[in-house]
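J.: Numbering (the UniProt record's numbering), first residue to last: 1 to 926.
Every residue gets a Cβ at the ideal spot worked out from N, C-alpha and C, and that includes glycine.
The structure under discussion is supplied below as structure tokens; questions concerning it will follow.
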Amino acid sequence: MDAGSLLPGDISPLLHNRAALFERHFASLNHPLRTTVCQLLVVSDYACRQLDTLTELLKTDDGLHELSCEDYHRLANELLPEATPGSFPRQLRQFRHRHFLRLMLREYAGLASTESTMSSWSHCADALVLITLQFCYQELAPRVGFPCDPAGNQACLYTIAMGKLGGQELNYSSDIDLIFAYSASGYTNGPQSISNQQYYTKVVQLFMQLFQEPTPEGFVFRVDLRLRPNGESGALVSSLTALETYYQEQGRDWERYAMAKARVIARPNEEPPAWFERLIIPFVYRRYVDFSVIESLRSMKALIEREIELNPRLNDIKRGLGGIREIEFVIQNIQLIRGGRLPPLRQQNALKALEALRRCKLLPRTGILREAYLFLRKLENCLQSENDQQTHALPTNPLKQAQIALAMGYAGFTDLLSRLHQFQRIVSTTFHTALGRMDAYDDGERLLSHQLMSLWQGHIESGMAVNLLSSLGYQNAARCYQMVHAFRHSPRCRRLNQAARMRLDRFIVLLLQELTQVPDAETVLLQVMHLLENIVGRSAYLALLTENPQALKELLHWFRESPFITALLVNHPFLMEVLLDKERDWRAPSRNQLAQQLAIQLSHASEIDAQEDALRQFKLTQWLLAARAEMDGRMDAVKAGRFLADVAEVIVVQVLHHACRELSLRYPEMASIKNRFDVIAYGKLGSMEMNYNSDLDLVFVHDVPFEQEGLVNRLSQKIIHMLTTRSQFGVLYAVDTRLRPSGSAGLLVSPLTAFLEYQRKQAWTWEHQALIRSRVIYGNKKSRQLFNQLKKDILLLPRERQKTAEEVQAMREKMSRNLAKEGGNDIKHAQGGLIDLEFVVQCLVLCSAQPPLARYTNTLQLLQQLALAKKISPHRFNRLQEAYKAYHKLLHHQLLGLHVDSKHLTNHQQRVQKISAAIYKSKLNP
Numbered sequence: 001m002d003a004g005s006l007l008p009g010d011i012s013p014l015l016h017n018r019a020a021l022f023e024r025h026f027a028s029l030n031h032p033l034r035t036t037v038c039q040l041l042v043v044s045d046y047a048c049r050q051l052d053t054l055t056e057l058l059k060t061d062d063g064l065h066e067l068s069c070e071d072y073h074r075l076a077n078e079l080l081p082e083a084t085p086g087s088f089p090r091q092l093r094q095f096r097h098r099h100f101l102r103l104m105l106r107e108y109a110g111l112a113s114t115e116s117t118m119s120s121w122s123h124c125a126d127a128l129v130l131i132t133l134q135f136c137y138q139e140l141a142p143r144v145g146f147p148c149d150p151a152g153n154q155a156c157l158y159t160i161a162m163g164k165l166g167g168q169e170l171n172y173s174s175d176i177d178l179i180f181a182y183s184a185s186g187y188t189n190g191p192q193s194i195s196n197q198q199y200y201t202k203v204v205q206l207f208m209q210l211f212q213e214p215t216p217e218g219f220v221f222r223v224d225l226r227l228r229p230n231g232e233s234g235a236l237v238s239s240l241t242a243l244e245t246y247y248q249e250q251g252r253d254w255e256r257y258a259m260a261k262a263r264v265i266a267r268p269n270e271e272p273p274a275w276f277e278r279l280i281i282p283f284v285y286r287r288y289v290d291f292s293v294i295e296s297l298r299s300m301k302a303l304i305e306r307e308i309e310l311n312p313r314l315n316d317i318k319r320g321l322g323g324i325r326e327i328e329f330v331i332q333n334i335q336l337i338r339g340g341r342l343p344p345l346r347q348q349n350a351l352k353a354l355e356a357l358r359r360c361k362l363l364p365r366t367g368i369l370r371e372a373y374l375f376l377r378k379l380e381n382c383l384q385s386e387n388d389q390q391t392h393a394l395p396t397n398p399l400k401q402a403q404i405a406l407a408m409g410y411a412g413f414t415d416l417l418s419r420l421h422q423f424q425r426i427v428s429t430t431f432h433t434a435l436g437r438m439d440a441y442d443d444g445e446r447l448l449s450h451q452l453m454s455l456w457q458g459h460i461e462s463g464m465a466v467n468l469l470s471s472l473g474y475q476n477a478a479r480c481y482q483m484v485h486a487f488r489h490s491p492r493c494r495r496l497n498q499a500a501r502m503r504l505d506r507f508i509v510l511l512l513q514e515l516t517q518v519p520d521a522e523t524v525l526l527q528v529m530h531l532l533e534n535i536v537g538r539s540a541y542l543a544l545l546t547e548n549p550q551a552l553k554e555l556l557h558w559f560r561e562s563p564f565i566t567a568l569l570v571n572h573p574f575l576m577e578v579l580l581d582k583e584r585d586w587r588a589p590s591r592n593q594l595a596q597q598l599a600i601q602l603s604h605a606s607e608i609d610a611q612e613d614a615l616r617q618f619k620l621t622q623w624l625l626a627a628r629a630e631m632d633g634r635m636d637a638v639k640a641g642r643f644l645a646d647v648a649e650v651i652v653v654q655v656l657h658h659a660c661r662e663l664s665l666r667y668p669e670m671a672s673i674k675n676r677f678d679v680i681a682y683g684k685l686g687s688m689e690m691n692y693n694s695d696l697d698l699v700f701v702h703d704v705p706f707e708q709e710g711l712v713n714r715l716s717q718k719i720i721h722m723l724t725t726r727s728q729f730g731v732l733y734a735v736d737t738r739l740r741p742s743g744s745a746g747l748l749v750s751p752l753t754a755f756l757e758y759q760r761k762q763a764w765t766w767e768h769q770a771l772i773r774s775r776v777i778y779g780n781k782k783s784r785q786l787f788n789q790l791k792k793d794i795l796l797l798p799r800e801r802q803k804t805a806e807e808v809q810a811m812r813e814k815m816s817r818n819l820a821k822e823g824g825n826d827i828k829h830a831q832g833g834l835i836d837l838e839f840v841v842q843c844l845v846l847c848s849a850q851p852p853l854a855r856y857t858n859t860l861q862l863l864q865q866l867a868l869a870k871k872i873s874p875h876r877f878n879r880l881q882e883a884y885k886a887y888h889k890l891l892h893h894q895l896l897g898l899h900v901d902s903k904h905l906t907n908h909q910q911r912v913q914k915i916s917a918a919i920y921k922s923k924l925n926p
């Protein structure tokens with residue numbers, strides 16, 4: 001055979017010598033891959049050093065069939081019965097050499113694709129890892145026994161493959177990245193009992209010795225354990241409990257990036273352990289858009305760009321321009337950002353992830369990227385198989401270049417380079433579009449950033465720092481610097497790790513720059529410092545504000561404009577995610593839509609405490625959305641009052657269902673009681689006029705047998721308890737039940753018949769006033785009908801108008817003595833204020849003898865119906881309607897911390913006071 005015919009162009013005599021080597025050793029070879037053997041010897045110095053192994057392989061294996069995962073594990077297990085401490089290291093290395101050569105032969109013969117070669121080599125590594133660990137257990141057993149948990153059950157060791165092995169895309173001479181974790185703490189059951197931690201540490205140490213200690217036969221695989229918790233300073237092996245705690249409490253962004261490729265090495269057809277998904281999915285993939293990982297990825301990208309800018313290194317196919325690292329970055333960038341919401345993206349393997357991105361239409365040109373990736377990985381294999389070295393650099397020696405060109409199937413190295421550079425340009429372009437380009441600051445901006453960083457880090461003296469802030473427009477620069485300086489030296493800042501400190505450094509510089517555009521920077525900065533005290537240890541929040549400048553601008557806007565919203569955000573930082581709501585034209589959802597949204601949120605919380613907190617979070621979120629809409633002028637106060645009442649109503653109903661479910665675990669009859677239980681809303685909830693400071697006036701009634709009244713009382717108490725219990729998210733609502741029959745002296749929950757009887761025969765006029773604004777928010781059809789009929793009957797009761805007016809005025813005067821605030825500028829309680837307006841409307845309703853009014857509870861709607869019934873003149877109606885809308889607007893503005901025009905308020909109060917006096921004096925005639 002003319003081996004020279006296989007060689008490209010002008011070939012070195014050394015390559016001809018390799019062909020001659022083939023003729024000496026394999027001249028009589030009768031093998032389907034005879035031609036490929038010649039090529040292998042030409043392109044691989046490593047293969048030439050393994051002639052004995054290659055000869056044995058060719059005698060026993062035709063190499064035509066791909067070995068499965070099961071095959072590798074079966075063949076590896078055959079090593080164990082005859083293994084001894086002296087022979088086993090040699091057996092492992094011979095096994096590796098044999099299958100290394102086999103895979104090269106198949107790949108060069110065109111029988112195996114690069115993809116299948118990487119997968120097969122990964123299967124081989126998996127099998128060798130498990131069989132070596134099994135040998136380690138056998139070696140330790142006679143002396144220390146086997147590890148057990150406290151119950152006496154045998155513990156087990158899990159091996160987590162990371163990196164290329166985790167993705168089952170191992171190249172020929174790659175390190176394997178591993179993390180070891182054992183199932184449970186305890187002790188071994190042997191003669192010399194030791195702790196499980198000690199036992200598995202010994203196992204891992206022996207494993208490392210067997211796998212990578214050089215012998216005359218070389219090594220099995222180089223092993224890197226630095227990805228374990230706390231890196232080189234951490235324990236070689238951790239318990240699962242310690243592992244989960246670490247990633248939950250200390251896991252860093254780069255570890256999330258690494259964990260995206262994590263995989264538990266298992267035997268064929270063995271499912272991953274249940275704990276693995278519980279650990280990996282929440283840590284690596286977040287359900288929300290993850291700005292923390294975006295910052296980390298951008299930082300990583302900047303480092304890559306800087307390294308390449310200084311040295312393009314086109315000859316480095318991994319780290320150079322357009323190399324393997326850039327493709328992997330593009331893929332994992334999208335995986336980590338979007339994988340929380342798109343489970344198909346959660347792939348350890350790069351090619352499978354690339355296919356998922358194609359299916360999800362998240363990355364263009366996936367076909368050419370796949371082609372580029374496979375080309376680069378094949379080239380990587382060729383480079384490493386030449387001498388079994390972990391290299392990614394193209395050779396400069398013409399001889400080596402000729403070998404690589406032949407291995408890749410090109411006529412010459414120039415042709416290979418041409419194709420390589422095409423792929424590198426494609427990959428580089430895709431890489432540079434990932435996450436957008438880095439912000440480019442002009443010199444002035446760079447200088448300012450540097451100065452502010454020096455200020456924050458204390459690198460300039462205080463006088464110079466204050467002068468810098470003054471020059472930027474800070475009104476009280478000394479006070480602002482004092483706040484920043486004190487926060488930096490606070491205990492919370494001192495406890496931050498390096499990554500968190502760097503993130504905080506970046507945020508403070510952006511904050512100080514942004515505050516130059518804020519008129520009252522000192523006040524806003526103080527609120528930001530309060531917020532930072534709560535979020536400085538939570539990277540996601542700082543990353544959110546750092547990576548989303550618009551969110552930071554909006555945060556400062558709210559801090560400047562509304563103490564109410566400021567308090568919400570400072571006390572409940574999770575609400576900052578609302579800053580990302582791009583639907584600035586948000587409109588209030590209907591009550592049914594709110595109920596659906598709340599049901600969905602509750603479905604994600606299985607524990608009782610989590611469900612109760614979900615209710616509180618839901619309320620706070622809706623409040624913030626409503627407040628923002630009011631501040632932006634997209635919702636008036638009247639509509640906001642109705643929306644806030646809808647929110648409260650759906651929460652009360654859900655609380656009732658929740659309380660029934662919880663009580664039914666102990667009292668099964670609670671399910672039927674729920675259908676005979678009613679909740680009546682009074683006050684602002686009843687009239688759909690709630691604000692951000694309203695409590696809930698509730699009355700509970702029932703229609704159950706006497707023997708079940710105790711359970712109904714438990715249900716009522718449970719509802720009140722859930723509504724009023726405080727957690728880290730505050731309370732749902734304050735609850736007032738004093739409007740029930742006989743007030744505080746009466747039963748907490750009354751029989752429906754007794755409630756109806758009381759209202760008809762015993763209730764005072766003020767209680768009928770309250771009844772006007774009441775409505776059933778939970779109850780069966782019969783109860784609702786009886787209640788509505790009650791309201792109609794009450795309105796038909798014969799009343800002496802003058803006496804009714806006097807009783808209403810007397811109640812108003814009593815309230816004034818108890819509630820009026822000094823200064824008179826009170827929207828609700830001052831003379832002519834909102835309560836005066838409500839009282840005169842209620843008085844007119846009671847004396848109107850108009851049963852249709854029973855359908856309405858809202859003061860404005862009642863006023864409109866009175867005008868239609870000609871119970872009030874058009875002029876007075878217009879004046880009162882204007883005052884009503886103004887009062888609610890001013891009241892909401894006051895609660896939100898917006899400016900209230902006292903002159904505007906006084907004008908309306910004078911008009912309402914005049915109209916009220918006239919109506920009472922005229923004995924309620926229009």
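Quick check: what's the CA-CA separation for Ala260 versus Ile280?
T.: Taking the straight line from one Cα to the other gives about 8 angstroms.
J.: Pull up the DSSP beta-bridge partners for His16, would you.
T.: In DSSP, His16 forms no bridge with anything.
J.: Return the Cβ separation of Glu217 and Arg90 in integer angstroms, given the expectation that the two are a contact with Cβ distance under 8 angstroms.
T.: Correct: roughly 6 angstroms between the Cβ atoms.
J.: Around the C-beta of Leu665, are 16 or more other C-beta atoms found within 10 angstroms, so that it is buried, or is it exposed?
T.: Answer is exposed; the Cβ neighbour count stays below 16.
J.: From Met811, Asn189, Leu128, pick the residue whose C-alpha is nearest to that of Cys148; which is it?
T.: Ranking the options by Cα distance to Cys148, first place goes to Asn189.
J.: Rounded to whole angstroms, what's the CA-CA distance from Gly537 to Arg495? Just pull it up for me.
T.: Their Cα atoms are separated by approximately 9 angstroms.
J.: By DSSP's criteria, Ala161 is part of a beta bridge. Which residues make up the other side?
T.: Beta-bridge pairing links Ala161 to Leu178, Arg263.
J.: May I ask which residues mark the beginning and end of the beta strand (DSSP E) holding Arg775?
T.: Arg775 -> beta strand (DSSP E) spans 775-778.
J.: DSSP beta-bridge partners for Ala681?
T.: Ala681 is bridged to Leu698, Arg775.
J.: Quickly, what does DSSP pair Thr523 with across the bridge? List them, please.
T.: None; Thr523 has no bridge partner.
J.: Is Val845 helix, strand or coil when you go by DSSP?
T.: Of the three classes helix, strand and coil, the one that applies to Val845 here is helix, per DSSP.
J.: Would you report the Cα separation of Arg228 and Phe180, rounded to the nearest angstrom?
T.: Taking the straight line joining both Cα atoms gives about 8 angstroms.
J.: Identify the continuous beta strand (DSSP E) that holds Val203 and give its terminal residues.
T.: Premise fails: Val203 lies in the alpha helix (DSSP H), 196-212, not in any beta strand (DSSP E).
J.: With a Cβ-Cβ cutoff of 8 angstroms, do Leu796 and Pro851 count as a contact?
T.: Taking 8 angstroms as the Cβ cut-off, Leu796 and Pro851 qualify as a contacting pair.
J.: Among the candidates Ser238, Ala805, Val735, whose CA atom is the shortest distance from the CA of His721?
T.: Checked all of Ser238, Ala805, Val735; the closest Cα to His721 is Val735.
J.: If contacts are defined as beta-carbon pairs under 8 angstroms, then Ile835 and Arg812 qualify, I think. What distance do you get, rounded to the angstrom?
T.: With a Cβ gap of about 7 angstroms, Ile835 and Arg812 count as contacting.
J.: Considering only their Cβ atoms, is the gap separating Val712 from Phe677 smaller than 8 angstroms?
T.: Yes, these two residues count as a Cβ contact at 8 angstroms.
J.: DSSP beta-bridge partners for Thr753?
T.: Paired residue(s): none; Thr753 is not in a bridge.
J.: Would you mind stating whether Met118 and Ala47 have Cβ atoms separated by less than 8 angstroms?
T.: Against a cut-off of 8 angstroms, the Cβ pair of Ala47 and Met118 comes out as no contact.
J.: Under a Cβ-count criterion, where at least 16 other Cβ atoms within 10 Å of its own Cβ denotes burial, should Ile608 be classed as buried or exposed?
T.: Ile608 should be labelled exposed.
J.: What is the DSSP secondary structure of Val912, counted as helix, strand or coil?
T.: DSSP places Val912 in helix when its eight states are reduced to three.
J.: Would you kindly report the start and end of the unbroken beta strand (DSSP E) that includes Ser239?
T.: Segment 237-239, the beta strand (DSSP E) holding Ser239.
J.: Identify, in the order they occur along the chain, each residue of the same chain with its Cβ nearer than 6 angstroms to the Cβ of Pro395, setting aside the five sequence neighbours on each side.
T.: Excluding residues within five positions, the ones whose Cβ falls inside 6 angstroms are Gln401.
J.: Identify, in the order they occur along the chain, each residue of the same chain with its Cβ nearer than 6 angstroms to the Cβ of Val203, setting aside the five sequence neighbours on each side.
T.: Answer for Val203: Cys136, listed in chain order.
J.: In whole angstroms, what is the alpha-carbon distance linking Leu406 and Val43?
T.: So the two alpha carbons sit approximately 7 angstroms from each other.
J.: Residues in its own chain within less than 8 angstroms of Leu837 by CB, not counting five upstream and five downstream?
T.: Only Thr859, Leu880, Ala883, Tyr884, Tyr887, Val912, Ser916 meet the Cβ criterion.
J.: What does Thr53 pair with, by DSSP beta-bridge criteria?
T.: For Thr53, which the question treats as bridged, DSSP gives no partner whatsoever.
J.: Where does Asp52 land, buried or exposed, given buried means 16+ other C-beta within 10 angstroms?
T.: Exposed: under 16 other Cβ atoms inside 10 Å.
J.: Could you give the residue range of the alpha helix (DSSP H) that holds Lys871?
T.: Element bounds for Lys871: n/a, residue is neither H nor E.
J.: Which residues bound the alpha helix (DSSP H) around Cys156?
T.: That residue, Cys156, is in no alpha helix (DSSP H); it is neither H nor E in DSSP.
J.: Does the separation of the CB atoms of Glu561 and Leu891 fall below 8 angstroms?
T.: Cβ atoms of Glu561 and Leu891: not closer than 8 angstroms.
J.: Excluding the 5 residues flanking Lys821 on each side, which residues of the same chain have their C-beta closer than 8 angstroms to its C-beta?
T.: Confidence at Lys821 is low in this model, with a pLDDT of 49, below 50, so the placement of that residue is unreliable and no value is reported for it.
J.: Considering Cα atoms alone, identify which of Leu715, Tyr733, Asp703 is closest to Ser694.
T.: The option with the nearest alpha carbon to Ser694 is Tyr733.
J.: In the DSSP output, what is Gly166 paired with across the bridge?
T.: DSSP lists no partner for Gly166.
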